[in-house]
Amino acid sequence: MSGCDKSNCGCVNTNPTDLLSSSRRNFLGGAAAVATLTLAPGITITAFGGSAKASGHHARWGLLVDVNKCKKDCNACVTACSTEHGWEDTGHPLTDAQWIRKVTLKDKKSGFEQSLPVMCQHCAEPPCVDVCPTAASFRRDDGIVLVDKHLCIGCRYCIMACPYQARSFIHEPLMDQKEYSPRGKGTVESCNLCVHRVDVGGTPACVEACSATGNGAMLFGNLNDPDSEISKRIAEYPSTQIRADLGLDPGVRYENL
Amino acid sequence: MKFGLKIFALFLAVFGGGLIVLPGQMANAEGQGFNGSSVLAGVLPDIPKGKGDSCIAPTDFMRRNHMNLLSHDRDETVHFGNRQVKASLKECVTCHAVNGIDNTPITVEDPKHFCRACHDYVAVKIDCFECHASRPGETLKSSRDKALKENEALAAYAKGADE
Ligand code: SF4
Ligand code: SF4
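Just so you know, the protein sequences line up as chains A and B, in that order.
So for the first sequence, my numbering puts the first residue at 4; every next one is plus one.
So for the second sequence, my numbering puts the first residue at 788; every next one is plus one.
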């Protein structure tokens, strides 16, 4: 019996007599399949990626934050993320995981203050992926940057490489994680753009919470689809990426910053 | 003598599946675990029965290949976003949830956990649950809520004692 019924998967089989060698080959075959998919966009990822398929474009998921609409005293996005994924503030700021935080910017001359949420910026050229020695840190075809914790050895090189300080390391053993958001000691994690929701056509928890407060400062969508709301807004109004000068092309953009 | 029997049973459990059919193993085919054999009761692991009629593949196949199915499909999900895979750890812990004394599913910390029943016996460490939840999500939520309520009650009590 084969464990796989996909023609483009590239895996060999799950024959019990061939355990170790076949799992190694599966892995290599999987890598070959990635290349094929990149050459022929729109095959696998878009098939699971909700609206991207309908629009006929290879998706690149992104966020747009309107800083003018983001209220200084509001923390709804951070709370929603923490509840969704099970990370929390245990009073140890040096070691607690933090996927998203509110950052306050103050203009020293005028005293003008702005508050904005900052999470993994889902770079198109992610340094965290470049430095990872095990390819655990990777960028999905649809632009979401993730850590494959099965491969992560916890070296934390990616934490140092990320210019946005978006990544955290888990120091303590965990129990009763969220079933859709596995997290564990010895691995690195960061905002995964609520990939479990996005894969079934949903919206990230922070965006949902933000609109529930009525502030509506966050917008999620497909940056590669010129007809998506997010692309139209970006085309019509000025927006910027944090530290755009680094040339990492983040998928998270900010208006009125 | 008992030790010798245990080694023999271990040998059978690991290598003997396709070669020799024991009464206990015939019972396996019906998904009953090793418990069917009276001779080996207490020697072989006590494997709790899962929900439903059958697993995604016959029991003897699953015994030998569950890890391969899981690692194949995990790459499908993590790297390609396929959420409709056949072998999912979430499904494993849901169908094979074992209730504890409080009538809610136990975690892998309890030796009676489905996965542990076998893994302890063959001395193979399970890494899955260092990151994945080892019991179904709904219970998790209710037990979390319960714990939170208890904490609140405790905090209120402590505060009351303070004043
Ligand atoms: S923001 Fe940091 S963690 Fe996220 S993709 Fe860019 S470099 Fe990687
Ligand atoms: S900590 Fe993990 S994800 Fe980060 S660079 Fe090291 S192996 Fe890669």
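We treat Cβ as the ideally placed atom computed from N, Cα and C, and that holds for glycine.
At least 3 beta-carbon pairs within less than 8 angstroms: the segment 125-137 of chain A vs the segment 101-108 of chain A: no
Assigned secondary structure, residue 243 of chain A (DSSP; H/G/I helix, E/B strand, else coil): DSSP places residue 243 of chain A within a strand segment (E or B) once states are collapsed to three.
Residues passing the C-beta test against ligand 2 heavy atoms, cut-off 5 angstroms: A:135, A:137, A:139, A:140, A:150, A:155, A:156, A:158, A:159, A:160, A:161 and A:191
Residue 901 of chain B versus residue 831 of chain B: straight-line alpha-carbon distance, rounded: 14 angstroms
Assigned exposure category for residue 231 of chain A - 16 Cβ within 10 Å defines buried: buried
Residue 179 of chain A at chain B interface by Cβ criterion, 7 angstroms: Residue-level contact check: residue 179 of chain A touches chain B, since one or more beta carbons of chain B fall below 7 angstroms from its beta carbon.
Interface residues of chain B facing residue 187 of chain A [CB-CB closer than 7 angstroms]: 917 and 918
Residue span of the alpha helix (DSSP H) that contains residue 231 of chain A, given as start and end: Element bounds for residue 231 of chain A: n/a, residue is neither H nor E.
Contact with chain B by residue 192 of chain A, beta-carbon distance below 7 angstroms: no
Neighbouring residues, chain A, relative to residue 894 of chain B (Cβ below 9 angstroms): Correct list: 178 and 179.
Among A:97, A:79, A:155 and A:174, nearest to residue 216 of chain A - alpha-carbon criterion: A:79
Min CB distance residue 175 of chain A to chain B below 7 angstroms: no
Per-residue DSSP class, three states only, for residue 296 of chain A: Residue 296 of chain A falls outside the range modelled here, since chain A spans only 4 to 260, and no answer is possible.
Residues that residue 103 of chain A bridges to, as DSSP identifies them: A:122
Close-in-space but distant-in-sequence residues of the same chain around residue 260 of chain A (CB under 6 angstroms, 5 per side omitted): 70 and 243
Residue burial classification, residue 941 of chain B (beta-carbon count within 10 angstroms, cutoff 16): Counting Cβ neighbours within 10 Å, residue 941 of chain B comes out exposed, since fewer than 16 surround it.
Nonlocal neighbours in the same chain, by C-beta distance under 6 angstroms from residue 197 of chain A, ignoring five residues either side: Once the five neighbours on either side are set aside, the close Cβ partners of residue 197 of chain A are 207 and 208.
Whole-number beta carbon distance between residue 146 of chain A and residue 125 of chain A, since they are thought to touch under 8 angstroms: Right, the Cβ-Cβ distance comes to about 6 angstroms (below 8 angstroms), so this counts as a contact.
Residue 880 of chain B - DSSP class collapsed to helix/strand/coil: helix
8 angstroms contact criterion, which residue 347 of chain A and residue 123 of chain A should meet: CB distance rounded: Limits of chain A in this structure are 4 at one end and 260 at the other, which puts residue 347 of chain A out of reach.
Check: residue 209 of chain A C-beta below 6 angstroms from any heavy atom of ligand 1: no
Contact under 7 angstroms by Cβ, residue 142 of chain A with residue 150 of chain A: no
Residue 858 of chain B: CB within 6 angstroms of a non-hydrogen atom of ligand 1: The nearest non-hydrogen atom of ligand 1 is 6 angstroms or more from the C-beta of residue 858 of chain B.
Short CB-CB distance (under 7 angstroms) between residue 87 of chain A and chain B: no
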